[in-house]
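Colleague: In my numbering, the protein residues as written are 559 to 755.
Cβ atoms here follow ideal geometry from the backbone N, Cα and C, with glycine treated the same way.
Structure representation (structure tokens):
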């Protein structure tokens with residue numbers, strides 16, 4: 559039996575995007591003038607690991623490249639999009655994960671900036687908010703940060719514990735909420751009586 563390949567040549571993979579067999583399950587797609595490549599054998603697991611042909615992609619630069627191609631459509635499906643081709647991939651939870659937080663300022667002057675697993679940095683603000691949403695994996699409310707174009711990064715447990723230490727209470731539509739200030743906006747995590755403060 560041959561040795562399983564763990565490293566993928568980025569250029570040859572991109573050239574072969576068009577060789578995948580289209581799946582009727584992906585119709586219709588936001589193709590535009592691009593060639594529709596169907597379902598690609600790429601999966602992002604719940605912990606943010608990218609897989610190709612069930613094998614982890616171990617080259618960070620390749621994951622970062624694919625991350626720049628990732629788009630989300632109105633039906634919540636994830637696509638890799640190049641100027642000429644498009645194919646759907648599987649995302650178990652969020653496509654990205656938050657791995658670190660940098661804090662500057664205090665209270666209402668506080669600014670939270672997150673580093674993701676693809677080395678992006680996103681600062682929490684009105685256009686890139688922290689939200690609580692139901693995880694499709696655990697079916698429990700989970701913290702995420704929106705990073706643009708509908709894509710989001712899941713805030714891991716260790717980073718979330720750091721955030722809880724920074725949490726404050728504020729009145730939101732007449733209800734006391736526990737949450738976080740960043741860039742002049744308050745982002746509620748939950749009612750004060752259910753916060754893990």
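Taking C-alpha atoms, which residue in 643, 620 and 738 lies nearest to residue 598?
Modeller: In the chain shown, counting from the first residue as 1, residue 598 sits at position 40. The option with the nearest alpha carbon to residue 598 is 643.
Colleague: Terminal residues of the continuous alpha helix (DSSP H) containing residue 626?
Modeller: By 1-based counting over the chain shown, the position of residue 626 is 68. Where residue 626 is concerned, the enclosing alpha helix (DSSP H) stretches over 618-627.
Colleague: On the CB-based measure, 16 or more other CB atoms within 10 Å of its CB, does residue 700 come out buried or exposed?
Modeller: Position 142 of the chain shown, counted from the start, is the residue given in the question as residue 700. Result: buried.
Colleague: With 16 other CB atoms within 10 Å as the buried threshold, where does residue 653 fall?
Modeller: Numbered from its first residue, the chain shown carries residue 653 at position 95. Its Cβ being crowded by 16 or more others within 10 Å, residue 653 is buried.
Colleague: Quick one: is residue 736 near chain C, going by C-beta distance under 7 Å?
Modeller: The structure shown contains no chain C, having only a single protein chain.
Colleague: Smallest Cα separation from residue 683: which of 670, 693 and 695?
Modeller: Stepping through the chain shown from its first residue, residue 683 is reached at position 125. Selected option, being the one with the closest Cα: 670.
Colleague: Distance, Cα to Cα, residue 621 vs residue 732?
Modeller: Here residue 621 corresponds to residue number 63 of the chain shown, with the count starting at 1. Here residue 732 corresponds to residue number 174 of the chain shown, with the count starting at 1. Each residue's Cα considered, the two are about 44 Å apart.
Colleague: Quick check: is any heavy atom of the ligand ATP less than 6 Å from the C-beta of residue 751?
Modeller: For the ligand ATP, the structure offers nothing, since it holds no ligand at all.
Colleague: In its own chain, which residues sit with a C-beta less than 7 Å from the C-beta of residue 704, not counting the 5 before and 5 after it?
Modeller: Along the chain shown, one-based indexing puts residue 704 at 146. Answer for residue 704: 686, 687, 689 and 710, listed in chain order.
Colleague: Please name the residue or residues paired with residue 648 in a DSSP beta bridge.
Modeller: Taking the first residue of the chain shown as 1, we reach residue 648 at position 90. According to DSSP, residue 648 bridges with 601.
Colleague: Quick one: is residue 766 buried, meaning 16 or more other Cβ sit within 10 Å of its Cβ, or exposed?
Modeller: With the chain represented from 559 up to 755, any question about residue 766 goes unanswered, as that position is not in the structure.
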